[in-house]
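To keep things clear, I will list the structure first and then write my remarks on it.
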Amino acid sequence: MPVIATIMNSTTGQPIQKMSFGRMPKPWASFTLETGELVKADRVDIGKPAPGKVVVPVSVWVTPKG
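Okay, so the sequence shown: first residue is 83 according to our numbering, each after it adds one.
This is the structure we're talking about:
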């Protein structure tokens, strides 16, 4: 079951994009954004699911250069 994570900008706190991972991303993972920029995860936050939901919110915080 793929994990859908929200990619967040560490400097602004704004979401950049949604991304699907085959499994839970590691805090040291590197990946390419839709813009073509290679970024490294600063941290991975795993939230609590909403009442009655099974999907767990996952946020991957990155610091883009551009």
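For every residue, glycine included, the Cβ atom is placed at its ideal position computed from N, Cα and C. Here the structure is a predicted model, which is why all the values come from computation and not from measurement.
Checklist entry - Hey, would you say GLU119 sits closer than 8 Å to PRO146, going by beta carbons? => result yes
Item to check | Length of the line joining the Cα atoms of ALA132 and VAL138 | outcome: Taking the straight line joining both Cα atoms gives about 8 Å.
Item to check | Residues bridged to MET101 (per DSSP) | outcome: ALA87
Next on the checklist: Tell me the DSSP secondary structure of LYS147 in three-state form.
Outcome noted: Correct three-state label for LYS147: coil.
Next on the checklist: From the DSSP secondary-structure annotation, give me the bridge partner or partners of VAL140.
Outcome noted: Bridge partners of VAL140: ALA87 and ILE128.
Checklist entry - Near ASN91, what residues of its chain come up, given a Cβ to Cβ distance below 6 Å and the 5 sequence neighbours on each side ignored? => result So the list reads ILE98, once near-sequence residues are dropped.
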